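Each position in the sequence shown, counted from 1, maps to that position plus 19 in my numbering.
Just so it is clear, CB atoms sit at the ideal spot from N, CA and C, and this is done for glycine as well.
Quick caveat, the model's predicted, so the values are computed rather than measured.
Here the structure comes first, spelled out in structure tokens, and everything after it is commentary.
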Amino acid sequence: MAKAAQSAPEVAPGVSHALSNDRLLSMYRVMVLARAIDERCLSLQRQGRIGFYAPASGQEAAQIGCAAALGDEDWIFPAYREIGIALWRKVPFRALMDQFIGNSTDRVKGRQMPNHYSFRDHNFVSPSSPIGTQITQAVGAAMAMQRRHVPQVTATFFGDGATSSNDFHAGMNFAGVYRTPTIFFCQNNQWAISLPRSRQTHSATLAQKAEAYGFSGVVVDGNDVHAVFDAVAAARERALAGEGPTLIEAQVYRFGPHSTSDDPHRYRSDADVAEWKRKDPILRLREELRTSGALTDEAESQLQEAVKREISEAIEAAEGAPALDPLTLFDDTFAQRTPRLEEERAEFQRLLREGVIRP
Ligand SMILES: Cc1ncc(C[n+]2csc(CCOP(=O)(O)OP(=O)(O)O)c2C)c(N)n1
Ligand SMILES: [Mg+2]
């Protein structure tokens, strides 16, 4: 009989402490901002002011530790829960709010599902909702970089559940064969909606799956920014040196619902959540910064105030922006609208005018 595969994994400790206090403080700030945005967006959705949101509370150290170790020019191929990466890349919350609402200043013109923002100027590709599709995209893009001798890597983000997708295996295999400069960053938040990690795979770790494809996989404590930063920095160095991809499994926990359409009380216990909340990555980094003297009580309350203000101002501005003109739906497909498209546009315009269709 096969030995029990799901024994406790070895977790690489964060030892190098390569991060200065200044750097840690800027990471902490983005973590606090991400958490506060999460809380506000859940409430905005409940008030009917945005349609949908996928919270990332509990995953801040994994996301921001990873983003900080990447180069600004590296390409991000995210899933739908990577707000921390976008914020670290200096995407303004206002731009995210515009997308959640789909207003006239939304960069994707209301054509994407809420929470599916993309920013060409931040090398942040549109998130994939079909599980795993971003993985093969990241491998293909990395292959192009390799061929052009561009000193960049691609980083792709996905969950524990995505390791069961076809695209995960196709992407990992391809990356192994061609030794592409790709970082596979798996946030194992213990749940794929209501399916627990224990029922996802019989493998002891998700990271070990890399071994089958001929490259290394590491498990890190995703609540430890140091451990995450070190693992990603090392993976990036290897990728840039032509030594190929790495799979990183960051062990975290999703504190909130899968999305605003989910009720986690139906499948997990409050005790489990409370157990993981004791490892809250924000409390952990706050404690570290306070102990080292890098963060005073006064600086902490100033930060909390500044973050609240920034969020409120962005919400007000995004809600105050004009609505999107529904006729923009007919733009951007062709350089010049075809006669058929003109016809459809005219009919749509008539239906809007007659009130048959309401924006
Ligand atoms: C191909 C495909 N199958 C099923 C779904 C429905 N679905 C949406 S999210 C999700 C779970 C994903 O879990 P995980 O990869 O662990 O990411 P997490 O949401 O926990 O961050 C599923 C099954 C989907 N979006 N795409
Ligand atoms: Mg998950």
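Own chain, CB closer than 6 Å to residue i, minus 5 neighbours either side, in chain order
i: A88; result: F248, V251, A252
i: G236; result: A226, Q227, A229, L266
i: L115; result: Y136
i: T152; result: D186
i: P378; result: P345
i: G70; result: P133
Between the CA atoms of residue j and residue i - distance to the nearest angstrom
i: Y72; j: G103; result: 14 Å
i: L360; j: G374; result: 21 Å
i: Q165; j: Q66; result: 47 Å
i: N192; j: N40; result: 39 Å
i: P170; j: V196; result: 20 Å
i: G233; j: E306; result: 39 Å
i: I154; j: E317; result: 43 Å
i: Y99; j: S148; result: 7 Å
i: Q219; j: H284; result: 20 Å
i: L44; j: E101; result: 20 Å
i: I120; j: Q156; result: 27 Å
i: R130; j: S311; result: 47 Å
i: I150; j: G261; result: 28 Å
i: V34; j: G180; result: Bear in mind that a pLDDT of 48 at V34, under 50, signals an unreliable position, so the number given afterwards is only what the model happens to contain. When rounded, the distance between both Cα atoms is 29 Å.
i: H141; j: I95; result: 9 Å
i: L343; j: R198; result: 44 Å
i: P431; j: R167; result: Past the boundaries of the shown model lies residue 431; the chain is included only from 20 to 378, so the question cannot be answered.
i: M20; j: R42; result: Residue placement at M20 is poorly supported in this model, since its pLDDT is 36, which falls under 50; the coordinates still yield a value, given next. Between M20 and R42, the C-alpha separation is close to 49 Å.
i: Y286; j: R297; result: 20 Å
i: F353; j: R364; result: 13 Å
i: L371; j: P358; result: 20 Å
i: L308; j: L106; result: 21 Å
i: C60; j: Q355; result: 38 Å
Residue i Cβ short of 7 Å to ligand 1 heavy atom set
i: W210; result: yes
i: S222; result: no
i: P215; result: no
i: P4; result: No information on residue 4 is available, as it lies outside the stretch 20 to 378 that the chain covers here.
i: F96; result: no
i: Q206; result: yes
i: R166; result: no
i: H277; result: yes
i: R285; result: no
i: S123; result: no
i: S76; result: no
i: R218; result: no
i: S145; result: no
i: S184; result: yes
i: R54; result: no
i: R369; result: no
Spatial neighbours of residue i in its chain, beta-carbon cut-off 8 Å, leaving aside the 5 residues before and after
i: A23; result: Here the model assigns A23 a pLDDT of 40, short of 50, so the residue's position is not dependable and the matter cannot be decided.
i: R303; result: A80, N242, D243
i: V127; result: Q118, H135, Y136, S137, S145
i: L38; result: M46, A87, V244, H245, F248
Same chain, Cβ closer than 7 Å to residue i, neighbours up to 5 away in sequence not counted
i: D282; result: P276
i: Y10; result: This structure cannot settle anything about residue 10, because the visible part of the chain is limited to 20 through 378.
i: Q82; result: A75, E101, G103, I104
i: S184; result: I150, G151
Residue of the options minimising C-alpha distance to residue i
i: A211; options: D41, R126, D125, T182; result: T182
i: R255; options: S45, D91, V51; result: D91
i: N242; options: E335, A80, L52; result: A80
i: F349; options: E366, S147, I83, H188; result: E366
i: F16; options: A354, S280, L266, L61; result: The shown model of the chain, from 20 to 378, leaves out residue 16, and the question about it has no answer.
i: G263; options: A194, Y286, A333; result: A194
i: E329; options: L44, A53, R42; result: A53
i: Q64; options: F112, T279, R356, S213; result: T279
i: E338; options: R113, L322, L371, A293; result: R113
i: E58; options: F353, L370, K327, R377; result: K327
i: Q368; options: F353, T347, K298, H188; result: T347
i: A293; options: T357, F274, L308; result: F274
i: D240; options: I56, G84, R364; result: G84
i: S288; options: E324, P215, S331; result: P215
i: V158; options: I202, S217, C60; result: I202
Any non-hydrogen atom of ligand 2 within 7 Å of residue i CB
i: D179; result: yes
Cβ-Cβ separation, residue j to residue i (assumed contact under 8 Å), whole Å
i: A258; j: P200; result: 4 Å
i: P300; j: M50; result: 7 Å
i: L322; j: R108; result: Not quite, the Cβ-Cβ distance comes to about 20 Å (not below 8 Å), so this is no contact.
i: T175; j: A340; result: Not quite, the Cβ-Cβ distance comes to about 32 Å (not below 8 Å), so this is no contact.
i: T173; j: A189; result: At roughly 15 Å, the Cβ-Cβ gap does not stay under 8 Å, so T173 and A189 are not in contact.
i: F143; j: P97; result: 7 Å
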